[in-house]
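Contents: one structure, followed by commentary.
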Amino acid sequence: MTERFILDVPVRWSDMDAYGHVNNARFLTLYEEARVAMFFVGARKHGLGSFEEGIVIARHEIDYLRPVDFGDPVRIEMWVSELRTASFTVSYELFDDGVLASRAQSVCVPYNLAAGHPRRLSEAEKDFLKPYFSDGGS
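So the sequence shown is numbered by our numbering: it starts at 1 and just counts up by one.
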């Protein structure tokens, strides 16, 4: 079974739209908070700080399955659904009160901010990502 990185993310009043639901664009912020926790805090706990040197997003894709209201934190579960030499895809599921409310994917590219160009994943980064990797066949 593939590991999932799981984080409860608070829904803020500022995330709401005029209809009283989380604004569709704010889902990206909720997903970003979970992704940052995984690649900064989670990776650092494993002795890996290189993701903090730069990751850029090449693509986001979101499916909205039901509205999310203001209230308790949402639970975001993440895993790696594609692992390539110089990019990886993070897949997410967002649960509101235990019910799946959204699915998303982000293509992440390790990036050398100082030099201004993409870079390959290091062996240590691949080792960190592998327990979270599932190509959908498991």
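Beta carbons: idealized from backbone N, C-alpha and C, even for Gly.
Over the uninterrupted beta strand (DSSP E) stretch that includes residue i, give me the two end residues.
i	result
alanine 58	55-64
Grab the span of the alpha helix (DSSP H) containing residue i for me, first residue to last.
i	result
alanine 114	Premise fails: alanine 114 is in no alpha helix (DSSP H) and is neither H nor E.
leucine 129	123-129
Taking its Cβ as the centre, do 16 or more other Cβ atoms sit within 10 Å of residue i, making it buried, or is it exposed?
i	result
valine 41	exposed
alanine 86	exposed
arginine 66	exposed
alanine 25	exposed
alanine 101	buried
valine 56	exposed
aspartate 17	exposed
valine 99	exposed
Rounded to whole angstroms, how far is the Cβ of residue i from the Cβ of residue j, which I believe are closer than 8 Å?
i	j	result
alanine 43	phenylalanine 95	That belief does not hold up - the Cβ atoms of alanine 43 and phenylalanine 95 are roughly 23 Å apart, past 8 Å.
valine 80	tyrosine 132	5 Å
aspartate 139	histidine 21	Any answer about residue 139 is impossible in this case: the structure gives the chain only from 1 up to 138.
glycine 54	leucine 113	4 Å
tyrosine 92	alanine 34	7 Å
serine 50	alanine 115	Their Cβ separation, rounded to whole angstroms, is 14 Å, which puts serine 50 and alanine 115 out of contact at 8 Å.
threonine 2	serine 134	4 Å
Could you tell me if the beta carbon of residue i falls within a distance shorter than 8 Å of some heavy atom in the ligand NAD?
i	result
serine 14	Absence of the ligand NAD from the depicted structure is noted, as is the absence of any ligand whatsoever, leaving it without description.
Complete runs of the alpha helix (DSSP H) confined to the stretch 3-48 [at least 4 residues]: Counting only runs of 4 or more, we get 26-36.
Complete beta strand (DSSP E) runs within the stretch 74-101 (minimum length 3 residues, chain order): 74-83 and 88-96
At least 3 beta-carbon pairs within less than 8 Å: the stretch 101-118 vs the stretch 56-74: yes
Sufficient close CB pairs (3 or more, under 8 Å) joining the stretch 5-13 to the stretch 75-89: yes
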